[in-house]
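Chains as they are written, first to last, in my numbering: chain C, 94 to 514; chain Y, 6 to 110.
Don't be surprised by glycine CBs; every beta carbon is placed ideally from N, CA and C.
The structure presented is a predicted model; accordingly, all values stated were derived computationally and were not measured.
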C-alpha cells in the first residue's frame, strides 16, 4: 500500500485531498492529511467581521465535515519534514511516512516581525483582520469608534489576498458613512508598493476609486516600527504617519515547520515549479496554495485552480509518468467596494487584470474591473459555493486556465508591465 | 528596450530603466548610474550591497528581496535605507546593473 500525505487541511489541502480520494485507486493508495486545528475557517469572511456583516458562526465549521470519508485526518502539529527518509515528524515524536507528499501549510500573519507592532497598543488601537481572533477584536473596537485617524497599512509583500486591505478601506468608507462617522474620520492607506495594487491597469482604476472616497494613499512606505507612545508608524526612511486606529496587515510567512525542514526561502515559502507545482528540491514533494513561492496571488481561488493541475500531476507521479499539466497562475477575485457593490478581477502569470465581462464575452454577466451589484452578490454567494462545492473539489463550471474571452486586451499598452514582478 | 551612453559605453535598458544585460556593468557604469539615482559617490558598504545583488542574480536569475538582502548580506535594513534612500531594492538593483527584482505580486 502506498501513501499520499498532505500537510495542512486548509482550503488547498482539503480540496486536493477530496479530489485525490476520488481519483487514486483505493486498493493501492491511502490518503492521510495532518492539521493541528479541528476547525476550518472561511478566511474571505474575516474581512466582513469587523463591520458586522458576518458573525463568527458564519466563518467557522469543523474540518472533518468537509473531508471525504476516504481521507484519514490526523490531528497534530508538524515538527519537520525529513525528505531524505520520506517521513514527517509530528511534535510529540510520532512519525508519518509517505510516497508522495503535498505541502499545503499556508501562510500566517507575523506581527512580531515589525518592531513595536505587538506593543502597548496591540489589540487596543493596533489591530489586524487576517485571523479569526483579530477580526473579532477589531469588530469590538469599531463599535466604540467615534472618529479620528484611521490608518490601513500593509507591512510587506507578499500577503494573502492582496486585494483585502483595499477592500477593507472601501468597506470602512461605507461603514463610516452609514454610521455618520465618515466626516469625523480621516482614512489613510499606507502601502509598501508604488501604487494601490500590484498590476498597472487595475492600479489606475483602484487609485481613482480611493481618491473618489477621500482615502489618501501613501506609497513606497516600508514600515520599520510602530511607535506606540507617539501613536505613529515609522518607515525605514523615517517618514511617519500618525494613527488613532491602525489596521495593519503584518508580514505574512509560511509555516515554521518548513523552516525547520530546511525547505523554505527567507519567508518560509517553498521554492516550487510554478507550472508543475513540484517542489524544486524533491521529486516526490508537491506544493499547493499559500505555502508555495510561485508568483501568483496567495488566494483561495488560486488554490482551487492549482488543485486541478496538481490532481493531474499527482496521478502522473503515482503512475511514474511525466508531469504534463501546467498551471498558468490563474487568479479570480471578487473585490468588495462598499455600498452593496463589488468588482471582479481575473488574471494569471502573463496577463494582468483587465476590464471586460466574465465568464462570457459581452453577455457576462459579471463585469470585470468595474463596480456592480452583481459582483457584490457574487461575493456573498461565494461563501455557500465555498462550503458546499469548492472544498469538496467539485468543478465550478469554468476550467482552471484563464481565458481572454471578454477581456479588453487592447488596454495592454505595455505588455511587459503585465508580467508579474 | 532602449540604448544610451553611460560612462562612455553604449548600454541597453528596459522601459523601467533597468539594465538589460548585467555583463555590460563595470565600476564606471555603477558610478554613473548612482549619480543618476542621486548618489554622489559609492563607498565600501554600497559595494557590499551591489556585489550581493549581482551574486544573487547570477545564482538565482533574480535579485533578492529586501528581507533576503538584509538577512544574508550583513547590511541591516536601517543602513540599507540610508545607503539607497527611497526604494532601496529597486534603486540598488538599478545601480547593480541587474533587472528589476521579482517578488512583488
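(request) Using the Cα positions of residue 208 of chain C and residue 345 of chain C, report the straight-line distance between them to the nearest angstrom. (result) 15 Å
(message) In whole angstroms, give me the CA-to-CA distance for residue 174 of chain C and residue 400 of chain C.
(response) 22 Å
(message) Does chain C have any CB closer than 9 Å to the CB of residue 71 of chain Y?
(response) yes
(request) For residue 438 of chain C, collect the residues of the same chain with a Cβ closer than 7 Å to its Cβ; drop the 5 residues on either side in sequence, then sort them by chain order. (result) 295, 426, 428, 446, 461 and 462
(request) Within the same chain, show all residues whose beta-carbon is closer than 8 Å to that of residue 471 of chain C, passing over the 5 residues directly before and after it, in chain order. (result) 427, 435, 437 and 459
(request) Identify which residue in Y/16, Y/95 and Y/41 has its Cα closest to the Cα of residue 69 of chain Y. (result) Y/95
(request) Could you tell me whether the Cβ of residue 76 of chain Y comes closer than 9 Å to any Cβ of chain C? (result) yes
(request) Have a look at residue 214 of chain C and residue 222 of chain C and give me their C-alpha separation to the nearest angstrom. (result) 15 Å
(request) Could you work out which residues of chain C lie near residue 86 of chain Y, taking near to mean beta carbons separated by less than 9 Å? (result) 315, 317, 328, 329, 330 and 331
(request) Closer than 8 Å by beta-carbon distance: list the chain C residues that pair up with residue 91 of chain Y, in chain order. (result) 313 and 330
(message) I'd like the list of long-range same chain contacts for residue 117 of chain C, defined as Cβ closer than 6 Å, with 5 residues on each side in sequence excluded.
(response) none
(message) Give me the subset of the region 359-376 of chain C whose CB atoms are less than 8 Å from a CB atom of chain Y, sorted by chain position.
(response) 359 and 360
(request) Using a Cβ-Cβ cut-off of 9 Å, state whether residue 53 of chain Y counts as contacting chain C. (result) no
(request) Please classify residue 125 of chain C: does DSSP put it in a helix, a strand, or coil? (result) strand
(message) Starting from residue 103 of chain C, trace the beta strand (DSSP E) in both directions and tell me its first and last residue.
(response) Neither: residue 103 of chain C is in no beta strand (DSSP E) and is coded neither H nor E.
(request) Could you tell me whether the Cβ of residue 61 of chain Y comes closer than 9 Å to any Cβ of chain C? (result) no
(message) Within 9 Å of any Cβ in chain Y, is that where the Cβ of residue 297 of chain C sits?
(response) no
(request) Specify, as a first and last residue, the run of the alpha helix (DSSP H) that residue 77 of chain Y falls within. (result) 71-77
(request) Using only alpha-carbon positions, find the residue among C/466, C/366 and C/372 that is nearest to residue 355 of chain C. (result) C/372
(request) Might you give, ordered along the chain, the residues of its own chain that have their beta carbon closer than 8 Å to the beta carbon of residue 184 of chain C, omitting 5 neighbours on each side? (result) 169, 170, 171 and 172
(request) Please confirm if residue 110 of chain Y has its CB atom under 9 Å from at least one CB of chain C. (result) Confidence in residue 110 of chain Y is poor, its pLDDT being 38 and thus under 50, which makes the residue's placement unreliable; the coordinate value appears in the next sentence. Closer than 9 Å: yes.
(message) I want to see whether chain C comes within less than 9 Å of residue 7 of chain Y, judged by CB atoms only; does it?
(response) no
(message) I want to verify the contact list: residues of chain C whose CB lies under 9 Å from the CB of residue 36 of chain Y, in sequence order.
(response) Correct list: empty, because the minimum Cβ distance to chain C is about 23 Å.
(request) Would you check if the distance between the CB atom of residue 248 of chain C and the CB atom of residue 316 of chain C is smaller than 9 Å? (result) yes
(message) Does residue 512 of chain C come out as helix, strand or coil in the three-state DSSP assignment?
(response) Residue placement at residue 512 of chain C is poorly supported in this model, since its pLDDT is 38, which falls under 50; the coordinates are not used for a value here.
(message) I want to see whether chain Y comes within less than 9 Å of residue 38 of chain C, judged by CB atoms only; does it?
(response) Residue 38 of chain C falls outside the range modelled here, since chain C spans only 94 to 514, and no answer is possible.
(message) Please report the straight-line C-alpha distance between residue 330 of chain C and residue 464 of chain C, rounded to a whole angstrom.
(response) 36 Å
(request) Show which residues of chain C have a CB atom less than 9 Å away from the CB atom of residue 96 of chain Y. (result) Going along chain C, no residue has its Cβ under 9 Å from residue 96 of chain Y, so there is no contact; the nearest lies around 11 Å.
(request) Quick one: measure Cβ to Cβ for residue 432 of chain C and residue 267 of chain C, integer angstroms, because I've assumed they're closer than 8 Å. (result) 5 Å
(request) Assign residue 187 of chain C to one of two classes, buried (16 or more other C-beta atoms within 10 Å of its C-beta) or exposed (fewer than that). (result) exposed
(request) Could you tell me if residue 78 of chain Y is buried or exposed, where buried requires 16 or more neighbouring beta carbons within 10 angstroms of its beta carbon? (result) buried
(message) So for residue 428 of chain C, helix, strand or coil by DSSP?
(response) strand
(request) Show which residues of chain C have a CB atom less than 8 Å away from the CB atom of residue 83 of chain Y. (result) 317 and 329
(request) Identify, in the order they occur along the chain, each residue of the same chain with its Cβ nearer than 8 Å to the Cβ of residue 59 of chain Y, setting aside the five sequence neighbours on each side. (result) 27, 30, 101, 102 and 103
(message) Our contact map puts residue 210 of chain C next to residue 343 of chain C with C-beta atoms below 8 Å; I'd like the distance itself, whole angstroms only.
(response) 6 Å
(request) Tell me, please, whether the CB atom of residue 249 of chain C is closer than 9 Å to any CB atom in chain B? (result) Protein chains in the displayed structure are C and Y, and chain B is not among them.
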